[in-house]
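Participant: Heads up: the sequence shown runs through residues 34 to 635, numbered per this note's numbering. Note that beta-carbon positions come from the ideal geometry of N, C-alpha and C, so glycine has one too. Please read these numbers as outputs of a predicted model, since none were measured by experiment. I am attaching a structure below and will ask some questions about it afterwards.
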Amino acid sequence: MQQRVYPQQWQNQHIYPSLDSCVLEADMSLARASLAELSGFIEGLAGVQGNQPARQDFLREVRLRARRIREIGWNIAVLAACTGSQDARDPLAKQLASRARALNADLFKTLAPIEDLMLGLPEAEFEQLMQDPLLGEEEYRLRHERRLQDQRLPVEAEQLVIGLGTDGLHAWGNLYNDLVGKIRLVIAGREMGLAEASNLLSSPDRALRKEAFDAISAGWEGEQETVAAILNALNGWRLELSRQRGKVRTLDALDLSCHQSHIERVTLDTLMQETWQARGLGQRALGLMARRLGIEELGPEDLFAPPPASSHRSIPFEEAIEIIALAFTGFDPEMGEFARMMAERGWIDAAPTPNRRTGAYCTKFADPVEPRVFITYAGTMDNVITLAHELGHAWHNWLIRDLPMSQRSYPMTLAETASIFAETLVRSALFEQARSAEERQAIAWAEADGAATFLVNIPARFDFEQALVAEREQGYVSSARLKALTDEAWGRWYEKSLSRYHPMFWAAKAHFSIAGFGFYNYPYLFGYLFSLGVYQQLISRQAAGEQDVAQAYRALLRDTGRMSAEELVMKHLGQDIREAAFWQGSLALVAAAVDRFEQTLS
34 MQQRVYPQQW QNQHIYPSLD SCVLEADMSL ARASLAELSG FIEGLAGVQG NQPARQDFLR
94 EVRLRARRIR EIGWNIAVLA ACTGSQDARD PLAKQLASRA RALNADLFKT LAPIEDLMLG
154 LPEAEFEQLM QDPLLGEEEY RLRHERRLQD QRLPVEAEQL VIGLGTDGLH AWGNLYNDLV
214 GKIRLVIAGR EMGLAEASNL LSSPDRALRK EAFDAISAGW EGEQETVAAI LNALNGWRLE
274 LSRQRGKVRT LDALDLSCHQ SHIERVTLDT LMQETWQARG LGQRALGLMA RRLGIEELGP
334 EDLFAPPPAS SHRSIPFEEA IEIIALAFTG FDPEMGEFAR MMAERGWIDA APTPNRRTGA
394 YCTKFADPVE PRVFITYAGT MDNVITLAHE LGHAWHNWLI RDLPMSQRSY PMTLAETASI
454 FAETLVRSAL FEQARSAEER QAIAWAEADG AATFLVNIPA RFDFEQALVA EREQGYVSSA
514 RLKALTDEAW GRWYEKSLSR YHPMFWAAKA HFSIAGFGFY NYPYLFGYLF SLGVYQQLIS
574 RQAAGEQDVA QAYRALLRDT GRMSAEELVM KHLGQDIREA AFWQGSLALV AAAVDRFEQT
634 LS
């Protein structure tokens, strides 16, 4: 039977026919008119204070009116971002993204008095309001934010922060994305963008990997002063805002990051302490990879190298979807069908484009609630695993599509659980299905590579960012100093497992320049080790004949937007992630994977 050919560009026409369609413009006008009406309505807030039934009805009406405005703003922002990912130079996408950000910012400014009321209510009054089914949809989010009530500025100041952030804080992140689309490189005699060049880092040809790595580094070297300005602006903004908020209680950058990640600081500290003790596992994996490649030490250009083999065939996109779908099906048949549906409906954008942004991600529209995956697919096994990762995110979003919008937002820490769980399913299935020692070694290689990434590279990013924030408090951090901080962080974690480090990593890695979040990297480590623990428990239960394992996993994912990480793990796994034992159990699985890789080399 002939294999189905899937579209490899997004099919978003049912959301809006185009970025300049009259349907989109009509929705934008509707949202603006509705926002003006909402603003006028909220001016009546003072008139219902002291009258609890009237106030409850008033707050319900605000929520209902705000919902449609939020959905329109969300959809337009996602569509603009998707188009901008395909072509970072698209002027209409940039313009529309700016308009969507302005709409969303104006909505949050308009709602600031309501947010201030809800976060400052006495507990008894808050409890009573949360009994209302509509208002109670936001109970977890509001309870979480009430913990930082002493960090709130007066309403007018909060509105100013939101307004200035649109063309201040977030403009710096957008500038970085513009750079990604602008940089052009010549590799092997051919001009290309960063996204295509990044795929060459997975080439089996070491000389080509080295040429691509050097070209990418040189490309960022040419923009180093701009990226240094971006990092200084982002972190300077966050530090100053924290100083303004910290008049009652001072919180440092990591305290605020833990709040955003919905974890306790003790959980993060325990995670990093256990990872530091286990860094040798990642270094050992790198040493084994070097041994298999027949070189003394890996260089930074080798960190995405595939295992040597007699042939490195390109895996067609359709075959990649089937590999992933079959692996998902072994755990949950509906999850496998979902992967095929994503491809059939054109919800995955995978085809290379000239000014394409780098990396891969999953996003979602608000109405209808539909996930989208972005990847630059070039047929490598690394691409297959990355695609599985993003489809794991998409499955997570699909499972919660019926929940209220506030419960469909979950922290980075728990987001990465679904994605890395999906990776693990695919790797495990491929290992079991491998027909030759070469195939088994290729999968074991991928597991070892994951150990090196998560136990060495991610913590090095974390150390770098801690150092950056500390030095930014003292003043501007130069590009030369950023290179030195990168080398110092890599030196602490990689030690002698690499022949040299990657001094331009601070510029090349987009995660440092994301405006909305500081410390964007450690959640990947959290998700990696947490997902391994979840995977081990669920697969063991499935092997023992339990019938509800897939449903148990779904239930865990559905709770990610309505409880903290500690509460989630205690409810669904009965374990305490503040304790070292939880992380040690996951690290034992990593050690077993590195052992398995070593065994394939003998």
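Threshold first: 4 residues or longer. Then list the alpha helix (DSSP H) segments lying entirely within the region 234-281, N to C.
Facilitator: Complete alpha helix (DSSP H) runs here, min 4: 239-254, 257-278.
Participant: For A451, tell me which candidate among Q42, Q466, A245, F559 has the shortest Cα-Cα distance.
Facilitator: Closest option to A451, Cα to Cα, is F559.
Participant: Should G73 and F91 be called a contact, given that it needs their Cβ atoms to be closer than 9 Å?
Facilitator: Contact flag unset, no.
Participant: To the nearest whole angstrom, what separates the beta carbons of T300 and I610, a pair I think is in contact under 8 Å?
Facilitator: At roughly 5 Å, the Cβ-Cβ gap stays under 8 Å, so T300 and I610 are in contact.
Participant: Leaving aside the five residues before and after E449 along the sequence, list all residues of the same chain whose C-beta is less than 6 Å from its C-beta, in chain order.
Facilitator: Around E449: P556, Y557, G560.
Participant: Compare the Cα-Cα distances from V111 to each of F337, P404, E377 and report the closest residue.
Facilitator: Nearest C-alpha to V111: P404.
Participant: Using DSSP with H/G/I as helix, E/B as strand and the rest coil, what is V402?
Facilitator: Note: V402 maps to strand in three-state DSSP.
Participant: Considering only the beta carbon of each residue, do Y173 and M596 sit closer than 9 Å?
Facilitator: Result yes, Cβ atoms of Y173 and M596 sit closer than 9 Å.
Participant: If we require 4 or more residues per run, which alpha helix (DSSP H) segments fall completely within the region 362-392?
Facilitator: List check, alpha helix (DSSP H) in window: 366-377.
Participant: Bridge partners of G226, per DSSP?
Facilitator: G226 pairs with R217.
Participant: Is the separation between the beta-carbon of A245 and that of L234 shorter than 9 Å?
Facilitator: Result yes, Cβ atoms of A245 and L234 sit closer than 9 Å.
Participant: By DSSP's criteria, L531 is part of a beta bridge. Which residues make up the other side?
Facilitator: Note: L531 sits in a beta bridge opposite L331.
Participant: Just to confirm, is the Cβ distance from S564 to I453 under 9 Å?
Facilitator: The answer is yes: Cβ separation under 9 Å.
Participant: Do the CB positions of L202 and E178 come within less than 9 Å of each other?
Facilitator: Not closer than 9 Å, so no.
Participant: Does Y443 come out as helix, strand or coil in the three-state DSSP assignment?
Facilitator: Coil.
Participant: Less than 9 Å between the beta carbons of D384 and Q42, yes or no?
Facilitator: Checking the displayed sequence, the identity of residue 384 turns out to be Ala instead of Asp. A contact, by the Cβ cut-off of 9 Å.
Participant: With DSSP as the reference, label T409 as helix, strand or coil.
Facilitator: If DSSP states are grouped into helix, strand and coil, T409 belongs with coil.
Participant: Can you tell me which of V459, I547, R312, Y509 puts its alpha carbon nearest to the alpha carbon of E528?
Facilitator: Of the candidates V459, I547, R312, Y509, the one whose C-alpha sits nearest the C-alpha of E528 is R312.
Participant: Measure the alpha-carbon distance for A467 versus T396 and round it to whole angstroms.
Facilitator: Cα-Cα distance, rounded: 33 Å.
Participant: Quick check on this structure: which residue in R101, F350, Y394, H426 has the alpha carbon closest to the alpha carbon of E377?
Facilitator: Ranking R101, F350, Y394, H426 by Cα distance to E377 puts F350 first.
Participant: Could you tell me if D365 is buried or exposed, where buried requires 16 or more neighbouring beta carbons within 10 angstroms of its beta carbon?
Facilitator: By the 10 Å Cβ count, D365 comes out buried.
Participant: How would you call G282, buried or exposed, if buried means at least 16 neighbouring beta carbons within 10 angstroms?
Facilitator: With the sequence shown as reference, residue 282 is identified as Arg, and Gly is not the correct amino acid for it. The residue is exposed, with fewer than 16 neighbouring Cβ atoms inside 10 Å.
Participant: Which same chain residues end up closer than 6 Å to A228 when comparing Cβ atoms and leaving out the 5 residues on each side of it in sequence?
Facilitator: The answer, listed in chain order, is R389, T391, T409.
Participant: I need the boundaries of the alpha helix (DSSP H) containing S424, first residue and last residue.
Facilitator: A quick correction: the sequence has Leu, not Ser, at residue 424. First-last of the alpha helix (DSSP H) with L424: 414-432.
Participant: Check the DSSP bridge columns for T396 and list the partner residues they point to.
Facilitator: R405, per the DSSP bridge assignment.
Participant: Quick check: what's the CA-CA separation for G566 versus L606?
Facilitator: Computed Cα separation, rounded: 9 Å.
Participant: Pick out whichever of D120, N137, L622, D123 has its Cα sitting closest to the Cα of Q570.
Facilitator: It is L622 whose Cα lies nearest to the Cα of Q570.
Participant: If you reduce the DSSP assignment to three classes, tell me which class H544 lands in.
Facilitator: The answer is helix: DSSP assigns H544 an H, G or I state.
Participant: Where does H47 land, buried or exposed, given buried means 16+ other C-beta within 10 angstroms?
Facilitator: It is exposed - the Cβ of H47 has fewer than 16 other Cβ atoms within 10 Å.
Participant: Starting from E297, follow the alpha helix (DSSP H) in both directions and report where the run begins and ends.
Facilitator: It is not in any alpha helix (DSSP H) - E297 carries neither H nor E in the DSSP assignment.
Participant: Which first and last residues belong to the alpha helix (DSSP H) in which L144 is found?
Facilitator: Element bounds for L144: 124-153.
Participant: State yes or no: is the C-beta of G117 within less than 9 Å of the C-beta of N210?
Facilitator: In contact: G117 and N210 (Cβ atoms closer than 9 Å).
Participant: Note down the Cα distance separating Y586 from F361, rounded to an integer number of angstroms.
Facilitator: If you take the alpha carbons of Y586 and F361, they lie about 13 Å apart.
Participant: What is the DSSP secondary structure of M61, counted as helix, strand or coil?
Facilitator: Here M61 sits in helix by DSSP.
Participant: Going by beta-carbon coordinates alone, are A613 and A475 separated by less than 9 Å?
Facilitator: Their beta carbons are not under 9 Å apart, which means A613 does not touch A475 by this criterion.
Participant: So what's G618 in DSSP terms, helix, strand or just coil?
Facilitator: Of the three classes helix, strand and coil, the one that applies to G618 here is helix, per DSSP.
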